[in-house]
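A short worksheet on the structure shown next.
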Amino acid sequence: DLDEMDKDEL
Amino acid sequence: MNVFRLTGDLSHLAAIIILLLKIWKTRSCAGISGKSQILFAVVFTSRYLDLLTSFISLYNTSMKVIYIGCAYATLYFVYMKFKATYDGNHDTFRVEFLLVPVGGLSFLVNHDFSPLEILWTFSIYLESVAILPQLFMISKTGEAETITTHYLFFLGLYRALYLFNWIWRFYFEGFFDMIAIVAGLVQTILYCDFFYLYITKVLKGKKLSLPA
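What follows is the structure, given as structure tokens:
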């Protein structure tokens, strides 16, 4: 699921 | 968040602030590639569009806003406020040679074929090569001011620390993102030659100059 994809990193 | 990730982010922040301060204090952007700075502004803008769609943390949001703000402040310095000192004659790297393949690759190799995801992928690929105009400029003039080398060192160190962050996350969280890892490796490798010169010359108090 893309909503779960980690985009926390900068 | 682990120690490599945090020090990586802080190293990135240090690089950006060193560059802004250098330009502001010397009232000059001599030796700085405006083209690399444009590419970094494009990188941040295309990657942080999720500021408008999702909230992750106060840390995440503030760092993104600071990075974007500093990127555009740098562009304002180079192309407007201190334009007279910008060394455009030596900033001759053809950025279309980066933008076209990177744009194409982000359409071909991504996690999901959606606009935001493709833009994120584009920004990751573009960041890995965005420093090339700056390195090209240094190779052309054969030298760099010491403060510029500090900027480059922290900018290179940041992605190297992210590599350790990804190793950490793979072992302790089972997380890995192949696109970020491969691009991060490429990005770090591009700095290796510079790291060597930085350690063997600049840290020993010598100016970074290349043999003619």
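For the protein sequence lines, the chains are A and B, in the order given. Taking our numbering, the leading residue of the first sequence gets 2, the next gets one more, and so forth. Taking our numbering, the leading residue of the second sequence gets 2, the next gets one more, and so forth. Glycine included, every Cβ here is placed at the ideal spot set by N, Cα and C. Bear in mind that the values here come from a model prediction, so they are computed numbers and not experimental data.
Confirm, please, whether the CB-CB distance from residue j to residue i is below 9 angstroms.
i                : j                : result
Phe45 (chain B)  : Lys23 (chain B)  : no
Val203 (chain B) : Thr142 (chain B) : no
Leu136 (chain B) : Leu191 (chain B) : yes
Glu128 (chain B) : Gln188 (chain B) : yes
Tyr152 (chain B) : Ala16 (chain B)  : yes
Ile67 (chain B)  : Leu20 (chain B)  : no
Leu11 (chain B)  : Ile39 (chain B)  : no
If we count the other Cβ atoms within 10 Å of its Cβ and call it buried at 16 or more, is residue i buried or exposed?
i                : result
Ala85 (chain B)  : exposed
Tyr172 (chain B) : exposed
Val4 (chain B)   : exposed
Ile168 (chain B) : exposed
Phe41 (chain B)  : buried
Phe177 (chain B) : exposed
Ala161 (chain B) : buried
Leu7 (chain B)   : exposed
Ile139 (chain B) : buried
Ile33 (chain B)  : buried
Gly175 (chain B) : exposed
Asp92 (chain B)  : buried
Phe114 (chain B) : exposed
Tyr60 (chain B)  : exposed
Val103 (chain B) : buried
Thr149 (chain B) : buried
Gly185 (chain B) : buried
Arg170 (chain B) : buried
Can you name, in chain order, every residue of its own chain whose Cβ lies under 6 angstroms from the Cβ of residue i, other than the five neighbours on each side?
i                : result
Ser107 (chain B) : Ile119, Thr122, Phe123 and Tyr126
Leu211 (chain B) : Gly143
Leu3 (chain A)   : Because the pLDDT of Leu3 (chain A) is 44, which lies under 50, any placement of that residue in the model is unreliable, and the number read from its coordinates should be weighed accordingly. Same-chain partners within the cutoff: there are none.
Val183 (chain B) : none
Leu52 (chain B)  : Lys65
Ala72 (chain B)  : Phe41, Ala42 and Phe45
In chain order, what residues of the same chain lie with their CB nearer than 8 angstroms to the CB of residue i, ignoring the 5 residues before and after it?
i                : result
Val110 (chain B) : Thr122 and Ile180
Phe196 (chain B) : Phe154 and Gly157
Tyr80 (chain B)  : Gly35 and Tyr87
Arg28 (chain B)  : Phe83 and Thr86
Ile18 (chain B)  : Cys71
Thr62 (chain B)  : Leu52 and Phe56
Ala213 (chain B) : Gly143
Gly89 (chain B)  : Gly35
Ala74 (chain B)  : Leu21
Using the DSSP secondary-structure output, state which residues sit across from residue i in a beta bridge.
i                : result
Glu144 (chain B) : B:Ser210
I'd like the list of long-range same chain contacts for residue i, defined as Cβ closer than 7 angstroms, with 5 residues on each side in sequence excluded.
i                : result
Asp9 (chain A)   : none
Ile69 (chain B)  : Phe45, Thr46 and Tyr49
Leu198 (chain B) : Leu209
Asn166 (chain B) : Asn3, Phe5, Arg6 and Gly9
Ser37 (chain B)  : Ala131, Ile132, Pro134 and Gln135
Cys30 (chain B)  : Ile24, Phe78, Val79, Phe83, Thr86 and Tyr87
Tyr159 (chain B) : Gly9, Ser12, His13 and Ala16
Ala145 (chain B) : Gly32, Ile139 and Leu209
How about residue i: is its Cβ closer than 8 angstroms to a heavy atom in the ligand SAM?
i               : result
Asn61 (chain B) : Judged by which ligands are present, the structure shown has none, so any question about the ligand SAM falls away.
request  = Quick one: which unbroken alpha helix (DSSP H) runs of 4-plus residues sit fully inside the stretch 13-56 of chain B? Chain order, please.
outcome  = 35-48
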